[in-house]
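Trainee:
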Amino acid sequence: MKRHTLAFLFATAIVLPGSALAGAGSAEAAVGPFAGARGTFGPYSEGRVATTYDPSLVPAGATGRVYSMSGKYTGTFTTLSVSGLRPERQYGAHVHEKPCGASGGDAGPHFQNVADPAADGGASTDPAYANADNEIWLDFTTSERGSALASSHVKWAFGERKPASVVIHEHSTSTEHGHAGDAGARLACVNVDF
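In the working numbering, the protein residues as written are 78 to 271.
#1: Whole angstroms are fine: how far does the CA of residue 139 sit from the CA of residue 150?
#2: Got a sec? Which residues, its chain only, sit under 8 Å from residue 189 by beta carbon, not counting five neighbours each side?
#3: With which residues is residue 226 paired in a DSSP beta bridge?
#4: Closest to residue 160 by C-alpha separation, out of 180, 218, 254 and 230, would be which residue?
#5: With residue 266 as the anchor, note down where its beta strand (DSSP E) starts and where it stops.
#6: Got a sec, what are the start and stop residues for the beta strand (DSSP E) residue 147 sits in?
#7: Going by the DSSP bridge assignment, what does residue 113 pair with across the sheet?
#8: Could you have a look at residue 181 and say whether DSSP puts it in helix, strand or coil?
#9: Who are the Cβ neighbours of residue 102 in its own chain at under 7 Å, not counting the five residues just before and after it?
#10: Tell me the DSSP secondary structure of residue 234 in three-state form.
#11: Where does residue 137 sit, in a helix, a strand or coil, going by DSSP?
#12: Compare the beta carbon distance of residue 133 and residue 269 with 8 Å and say whether it is the shorter of the two.
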């Protein structure tokens with residue numbers, strides 16, 4: 078219940094940019110910047126917001142929305158909502174370092190607050206780094222209509238280094254040593270100007 082309430086309040090703050098939370102000078106500095114993206118999934122093309130790499134699991138015409146708020150005193154809140162996906166199915170989703178590209182691998186590894194030095198710019202599978210406190214995980218299970226809402230809150234804020242996309246994966250995220258952070262194939266990607 079707490080997770081859904083938080084997601085609702087966060088989405089409301091995004092939807093109502095004229096509110097005191099978003100409009101007051103001192104509150105704005107404390108809350109931090111907002112980012113948002115929404116798009117309709119389709120084949121990759123330059124400038125496309127939402128790309129599908131596996132139309133059988135993320136069909137062309139499905140939609141994805143990402144909202145994020147990051148600030149020094151609040152940490153980072155992120156929500157992902159999807160519609161038109163396969164019904165009653167589990168998916169993994171994470172914030173990634175690079176923008177979407179022609180292939181799922183172009184988005185690079187998961188964005189980590191503290192980067193795993195052993196990963197050397199690649200994917201980390203060490204649970205000390207690949208975890209929901211050091212990364213932004215947005216796993217979800219779709220409804221009978223193929224819709225879902227996922228939310229994440231981490232205690233850290235983006236600094237000069239910022240992520241660039243959210244990738245939807247084949248299955249829920251593993252937490253086991255040697256497989257931590259793994260969620261299978263990259264099915265789709267949403268570009269976000271965090």
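Just so you know, even glycine gets a beta-carbon here, dropped at the ideal spot from N, CA and C.
Mentor: If we stick to the structure as given:
#1: Taking the first residue of the sequence shown as 1, we reach residue 150 at position 73. Taking the first residue of the sequence shown as 1, we reach residue 139 at position 62. Each residue's Cα considered, the two are about 35 Å apart.
#2: If you number the sequence shown from 1, residue 189 lands on position 112. 201, 206, 207, 211 and 212, listed in sequence order.
#3: Along the sequence shown, read from residue 1 onward, the residue named residue 226 stands at position 149. Beta-bridge pairing links residue 226 to 158.
#4: Against the sequence shown, residue 160 aligns to sequence position 83. It is 218.
#5: If you number the sequence shown from 1, residue 266 lands on position 189. Element bounds for residue 266: 263–268.
#6: Here the question's residue 147 lines up with position 70 in the sequence shown. Unbroken beta strand (DSSP E) run through residue 147: 140–148.
#7: Start at 1 with the first residue of the sequence shown, and residue 113 comes out as number 36. Looking at the DSSP assignment, residue 113 forms a beta bridge with 144.
#8: Position 104 of the sequence shown, counted from the first residue, corresponds to residue 181. In the structure shown, residue 181 sits in a helix (DSSP, three-state: H, G or I).
#9: Position 25 of the sequence shown, counted from the first residue, corresponds to residue 102. In this prediction, residue 102 scores a pLDDT of 30, lower than 50, which makes its location untrustworthy; the coordinate-derived value is nonetheless stated afterwards. Hits under 7 Å: none found.
#10: Position 157 of the sequence shown, counted from the start, is the residue given in the question as residue 234. Residue state, collapsed to three classes: coil.
#11: Indexing the sequence shown from 1 puts residue 137 at position 60. If DSSP states are grouped into helix, strand and coil, residue 137 belongs with coil.
#12: Residue mapping note: residue 133 aligns to position 56 of the sequence shown, counting from 1. Residue mapping note: residue 269 aligns to position 192 of the sequence shown, counting from 1. Cβ atoms of residue 133 and residue 269: not closer than 8 Å.
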